[in-house]
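J.: Under numbering that gives the first Met the number 0, the first residue of the sequence shown carries the number 0, and numbering increases by one thereafter. Where a beta carbon is used, it is the ideal one built from N, C-alpha and C, also for glycine.
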Amino acid sequence: MDIDDFLDKEVQVEKKGDVEKETFTTSDTQEFKDVKADILAETDTGNGKDFTSLEKRYFDLWNKISKEKFSWDHDLYIEVYKLADEMRKIAGNSSLKLDREKGMIKELIKKANHELENKRHESALNLYSKIVDMRNKIPDSFVEEKKEFNDEIFRLYENLYGMIDAKFIKEFKASIAKIDALIKNSVSSIESNKIEDAEKFYEEALEMHKNLPRGFLLQKIDLGNALLALYKELSIHTQIKSLQEQLNHDKRTTYKYPREYGDNLDRLSEIASQNKKTQLKKPAISNLRTVPEKAKHEKNIKYLERLSEIASQNKKTQLKKPAISNLRTISRKEKHHKHSKNLFSRLIERKLERADINLEKGYYVDAKKNIDSVLKLDPNNKDAKRILAKMPV
């Protein structure tokens, strides 16, 4: 085909284009119709999922054009043109809806910050979740709008989790103190021989220990060791109680003569005396029958004495020791774990990391807040002073 033939064909295509524009929806390929219908449906529901699919289809067609080089494909040309026109319309409609959503998101961010100022952390956290959900539904093609939201959401995240961290640490310390008090009450009850009270305190402490939040492993281990000592001590007392009940039962079931036969005891003694000479050589069958029961009874007594001895030794060696060290002792123990950072060190690291991020983004006020928080916890922190020196006066 020479250049003249090509130009003649293009002129015919341009003349035909006006007619094609009028019959745009009726001349679509079936594949394009299906995609477009899905896009319009998703746009009406506020979900940009299929708009992304349409966008992908558009750029896939451009990849096809690229592979075709300069080989003319009229159908491909028309499909790209129509697809671009439809995407422009949908994007315009989405922009109007996005403006409304932007206003809603900003209002929610403002409300969440207000909840934080009033220490209503749970309400602020729920609002934050709604904000993130709304942000995630915005199509990725709206890059600038999403970036604007991301900056505001990030600052909300910083404030939210900074306060939640402090509240979380405070509540965990309160839980440790409560469990420690319950363990001490249980120990005191054992020393006073109030075993039922000791068991109640132990069970309450155990339940709280199981429901402690994740993390704080060293503190949990210390609490667990104290509970383990209580478990052993209470188990011994339970066995002693069981054996005592069994021995008492044995005593109650030992045969006794009824009172109404008391007057006949003398007569029975005479009969026994008369028969003694003739019966001595016979096996004492009745006595043999009681031997196993007697042996069992003696065995239980020895076992009870042994358990009582163990319990007595434990009182001297274990119960007089503190059930659990206080938080200062826990802190000293943590220093021996070189590979474990304590809670306050991790909190300081997070604050420093946030300060660096805020400084890089130019959020100097937020960075200053982070540094001030660190210096309150550790006035001599070198990293905090280094970051502070970088900030403009």
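How would you label Met86, buried or exposed, when you count the other beta carbons within 10 angstroms and need 16 or more for buried?
T.: buried
J.: Report yes or no: is there a C-beta of chain B within less than 8 angstroms of the C-beta of Phe167?
T.: Here chain B cannot be found, since the structure has a single protein chain.
J.: According to DSSP, is Phe69 helix, strand or coil?
T.: coil
J.: Helix, strand or coil for Lys118 per DSSP?
T.: coil
J.: Is the beta carbon of Tyr57 closer than 8 angstroms to that of Ala83?
T.: yes
J.: Mind checking Ala111: buried by the 16 CB within 10 Å criterion, or exposed?
T.: Classified as buried, Ala111 has 16 or more neighbouring CB atoms from the shown chains inside 10 Å of its CB.
J.: According to DSSP, is Ser344 helix, strand or coil?
T.: helix
J.: Let's test the definition: count the other Cβ atoms within 10 Å of the Cβ of Asn125 and tell me whether it reaches 16, buried, or not, exposed.
T.: exposed
J.: Give me, in chain order, the residues of the same chain whose beta-carbon lies closer than 8 angstroms to that of Met133; leave out the 5 immediate sequence neighbours on both sides.
T.: Glu100, Met103, Ile104 and Leu107
J.: Helix, strand or coil for Phe23? Go by DSSP, reduced to three states.
T.: Legend: pLDDT at Phe23 = 38, less than 50; position of this residue unreliable, no value from coordinates given.
J.: Following the continuous alpha helix (DSSP H) through Leu211, name the residue where it begins and the one where it ends.
T.: It is not in any alpha helix (DSSP H) - Leu211 carries neither H nor E in the DSSP assignment.
J.: Grab the span of the alpha helix (DSSP H) containing Tyr363 for me, first residue to last.
T.: Tyr363 to Leu376
J.: Closer than 8 angstroms by C-beta to Lys240: which residues in its own chain qualify, once you throw out the five before and the five after it? Chain order, please.
T.: Ile194
J.: Near Arg119, which residues of its chain fall below 8 angstroms by C-beta distance, leaving aside the five closest residues on each side in sequence?
T.: Same-chain partners within the cutoff: there are none.
J.: How would you call Lys231, buried or exposed, if buried means at least 16 neighbouring beta carbons within 10 angstroms?
T.: exposed
J.: To the nearest whole angstrom, what separates the beta carbons of Ala354 and Ala366, a pair I think is in contact under 8 angstroms?
T.: 5 angstroms
J.: Where does Asn357 sit, in a helix, a strand or coil, going by DSSP?
T.: helix
J.: Specify, as a first and last residue, the run of the alpha helix (DSSP H) that Ile137 falls within.
T.: Run containing Ile137: none; DSSP gives neither H nor E here.
J.: Which residues in the same chain have their Cβ closer than 6 angstroms to the Cβ of Thr22, if we skip the five residues on either side of it in sequence?
T.: With a pLDDT of only 40 at Thr22, under the threshold of 50, the placement of this residue in the model should not be trusted; the figure read from the coordinates follows. The answer is none, since no qualifying residue turns up.
J.: Measuring CB to CB, does Ile356 end up less than 8 angstroms from Leu376?
T.: It is not a contact, given that the beta carbons lie outside the stated cut-off.
J.: Within 10 Å of its beta-carbon, does Ala176 have 16 or more other beta-carbons around it, so buried, or fewer, so exposed?
T.: exposed
J.: Here's a check: name, in chain order, each residue in its chain whose Cβ is nearer than 8 angstroms to the Cβ of Gly16, leaving out the five neighbours to either side.
T.: Because Gly16 carries a pLDDT of 48, less than 50, the predicted location of this residue cannot be relied on, and the following value inherits that uncertainty. Nothing meets the Cβ criterion.
J.: Using the Cα positions of Ile182 and Gln245, report the straight-line distance between them to the nearest angstrom.
T.: 30 angstroms
J.: Identify, in the order they occur along the chain, each residue of the same chain with its Cβ nearer than 8 angstroms to the Cβ of Lys389, setting aside the five sequence neighbours on each side.
T.: Leu358
J.: Do Phe200 and Ser191 come within 8 angstroms of each other at the CB atom, strictly closer than that value?
T.: no
J.: Look at Glu144 and Leu97 and say whether their C-beta atoms are less than 8 angstroms apart.
T.: yes
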